[in-house]
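Everything in the sequence shown is counted per this note's numbering, starting at 136 for the first residue and increasing by one.
Don't be surprised by glycine CBs; every beta carbon is placed ideally from N, CA and C.
The structure appears below as structure tokens.
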Amino acid sequence: MEFHVLGPTEIHTESGTVPLRPKWRDLLAILLCYPNRAVPTDYLIDALWPCTAPRTATKTLHGYVHHLRGVLGPGRLESRRPRYAVVLRPGELDADAFTVHAKAGRLAVAAGMIEQ
């Protein structure tokens, strides 16, 4: 499974791109900003509804989490009440791969190996 945040937030599997509803995608994008770390429910609600959260925001958030769990599979979206964490393995997030390659490029330039 690969998670893309550089460009549109997407999940890629061997079968292709996984379709996500807009708010599920928004929630996933927020959680992917903090991979393997628990994000407080209040923060998620504020980020999902920046102007005014609906009265049912907590219940709605739980529904989004439930649906994302179905998409991600077991053990990938943990509850650490009152927080949630998306569990990633090394190499699954495109932003991490970008950081690794950018660092390698900077080191190559510093070593005078621009053409490599």
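Beta bridge counterpart(s) of residue i as assigned by DSSP
i: T148; result: G151
i: L228; result: F138
i: P175; result: R218
i: E213; result: A220
Distance between beta carbons of residue j and residue i, contact taken as under 8 Å
i: V153; j: A230; result: Not quite, the Cβ-Cβ distance comes to about 18 Å (not below 8 Å), so this is no contact.
i: V206; j: L155; result: 7 Å
i: L212; j: L196; result: Going by Cβ atoms, the distance from L212 to L196 rounds to 12 Å, so no, they are not a contact pair.
Neighbourhood of residue i by C-beta, 6 Å cutoff - its chain only, sequence neighbours within 5 removed
i: A182; result: I165
i: E145; result: H139 and T152
Close-in-space but distant-in-sequence residues of the same chain around residue i (CB under 8 Å, 5 per side omitted)
i: E227; result: M136, E137 and F138
i: L163; result: F138, T144, I146, L155, L203 and V221
Nearest to residue i (by Cα), restricted to the options the options
i: T148; options: G208, R216, Y169 and C186; result: G208
i: R216; options: T193, R224 and A232; result: T193
i: S214; options: R190, P225 and G198; result: G198
i: G167; options: E250, A246, R224 and A188; result: Gly is not the amino acid found at residue 167; the sequence shown has Leu there. It is R224.
i: P157; options: A246, M248 and W184; result: W184
Contact the segment 212-231 vs the segment 174-190: 3+ CB pairs below 8 Å: The segment 212-231 vs the segment 174-190: in contact.
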